Every structure is written in structure tokens, then in C-alpha cells.
């Protein structure tokens, strides 16, 4: 078997396992509870789940999406998020192989997945995730050989831009627009992508949010009545830029030049 394919499969399996753990982090983190204790239990009957019941995806399929003890329905969100994390991990390793880039982007993919999940649940990007990410991002970028000036500029511009948007939106509408969590998230994203690719991140995030807005409209729902968090779109845009930013930029230049 091709070594890179083998590593990709291993990354996918690792992603399934971590995806299960990330579900715990999201659910408990959104409620401010410990992610260590107590052990995972059914929300309906409170029965502590055994190892087989915690198997990613397979346990949900075998139990037909229900608790083995009380029959309570288990949301499809759990296996779906496990599969998503597996795909995200696999794509990183497939793209970068056994390199420092894979390690760095797997770490930040993990942070952004949990932060995005919490943002979707409670509309908040927690400081306990965004601030450590910002602290780690600049050393990680320098370790990967990124230009120091570009990395620092990316982080500061990203933070400043979203801080300004938040301030201007609040002054204009009288209510909070983009939260402070988005600007803190952009600090780490900017450090890792650098100033050169920062516009790409903002563009992709905006297009993603617009697409969701239009889909909700087509489904007959009024997005203005919903608080659509922007953190997941920024995280997804950063991920896409890590994996394909260079190729997208080259393709764009070939079109306009």
C-alpha cells in the first residue's frame, strides 16, 4: 500500500476517535462542565456508557440511533460530526503527508472544530480555546517557515479588521454584530495564513455565510430571526486556505493575467 494512503487511512481512523471526544468537548464546553468527569452517560436515563457504546459511528448504527438502556433517540449529529472530523483529518494528512504541516494543521483543526461546535450551540467562541490558539499560532507559523512579518501582519490585521467591524456594527445598529470571539479567532487564523491569504479567508467565509443565508431563505426560514454564528465559517475558510490556498491563488492569477 502507498505510504501516504496508509497514513491517510490512519488519520481518518484517528479522526473518528477524536470526533467522538470532540462531541463531549462541545456538549460540556457549551455548558461550562468538565470534559473529564463524569464519564459519558445517556442524557435520558443517566446510565454510564460502556466502551462498545462509545465506538464512533458503529455504535450509533448498531443501536439504530437509540440508547441501549432506555431507547432514547440519539441525535444523528454525533456520528455525522465524527465522520466530518475523520474527513478533515484525512484531507490534511493526504495533502501534507508526514510533515510538520500535518501536525500543526491537525492541532488547529481540532481546536477550530470544538470552537465552532460551541459557537453553533450557544453563539459564543470561548476564550479558553481562542486565546490558547492565538498564543500557539505564531510560534507554529514560524516553525513551519512562514515569513515572520507576514505572519504577524496577518494576525494583527485579522484581529483589527474584525474588531472594527464589531465596533462599527454595534454603533450602527445598537446591538452586537460580530462578537469579540471572532476577532480573537482571526488572530490565530491570521498568524497561520499570513496577510497574503487573509483576504481569501474572509472571502470564503463570507461566501459560505451567504450561501447558508440563501438556502435558509429558499427553505422559507427568515435568517434575520436567527443568530447565525460566523466562527464556523471563518474556521472552514481557514481550513480550505491551508489545504488549497496556493493552488487557488495560482489558478486565479492564471485567469486574470
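In full-length UniProt numbering, the protein residues as written are 1 to 257. Glycine included, every Cβ here is placed at the ideal spot set by N, Cα and C. Everything numeric in this text was worked out from a predicted model, so none of it was measured.
Contact check, residue i vs residue j, beta carbons under 7 Å
{"i": "residue 191", "j": "residue 245", "result": "no"}
{"i": "residue 8", "j": "residue 243", "result": "no"}
{"i": "residue 15", "j": "residue 81", "result": "no"}
{"i": "residue 116", "j": "residue 235", "result": "yes"}
{"i": "residue 189", "j": "residue 114", "result": "no"}
{"i": "residue 195", "j": "residue 157", "result": "yes"}
{"i": "residue 240", "j": "residue 197", "result": "no"}
{"i": "residue 123", "j": "residue 33", "result": "no"}
{"i": "residue 237", "j": "residue 201", "result": "yes"}
{"i": "residue 79", "j": "residue 107", "result": "no"}
{"i": "residue 331", "j": "residue 140", "result": "In the structure as shown, the chain begins at 1 and stops at 257. Residue 331 is therefore absent and cannot be evaluated."}
{"i": "residue 211", "j": "residue 233", "result": "no"}
{"i": "residue 161", "j": "residue 229", "result": "no"}
{"i": "residue 181", "j": "residue 131", "result": "no"}
Cβ-based neighbour list, residue i, same chain, cut-off 6 Å, excluding 5 preceding and 5 following
{"i": "residue 159", "result": "183, 186, 187"}
{"i": "residue 29", "result": "118"}
Where residue i falls: helix, strand or coil (DSSP)
{"i": "residue 99", "result": "coil"}
{"i": "residue 28", "result": "helix"}
{"i": "residue 64", "result": "coil"}
Local Cβ density within 10 Å of residue i, reported as buried at 16 or more and exposed below that
{"i": "residue 101", "result": "buried"}
{"i": "residue 11", "result": "buried"}
{"i": "residue 72", "result": "exposed"}
{"i": "residue 60", "result": "buried"}
{"i": "residue 253", "result": "exposed"}
{"i": "residue 134", "result": "buried"}
{"i": "residue 99", "result": "exposed"}
{"i": "residue 168", "result": "exposed"}
{"i": "residue 93", "result": "buried"}
{"i": "residue 111", "result": "buried"}
{"i": "residue 129", "result": "buried"}
Closest Cα partner of residue i within the set the options
{"i": "residue 259", "options": "89, 48, 78, 79", "result": "No statement about residue 259 is possible, as the shown extent of the chain runs from 1 to 257 and does not include it."}
{"i": "residue 6", "options": "97, 162, 127", "result": "97"}
{"i": "residue 150", "options": "165, 133, 193", "result": "193"}
{"i": "residue 231", "options": "90, 24, 206, 164", "result": "206"}
{"i": "residue 199", "options": "23, 136, 248, 143", "result": "248"}
{"i": "residue 91", "options": "4, 216, 138, 213", "result": "4"}
{"i": "residue 88", "options": "170, 40, 109", "result": "109"}
{"i": "residue 23", "options": "220, 45, 214, 76", "result": "76"}
{"i": "residue 83", "options": "2, 144, 21", "result": "21"}
Close beta carbons around residue i, own chain, < 7 Å, minus the five adjacent residues each side
{"i": "residue 74", "result": "60, 65, 66, 67"}
Cβ-based neighbour list, residue i, same chain, cut-off 8 Å, excluding 5 preceding and 5 following
{"i": "residue 138", "result": "151, 152, 155, 191"}
{"i": "residue 17", "result": "56"}
{"i": "residue 163", "result": "180, 183"}
{"i": "residue 40", "result": "24, 48, 49, 54"}
{"i": "residue 127", "result": "181, 184"}
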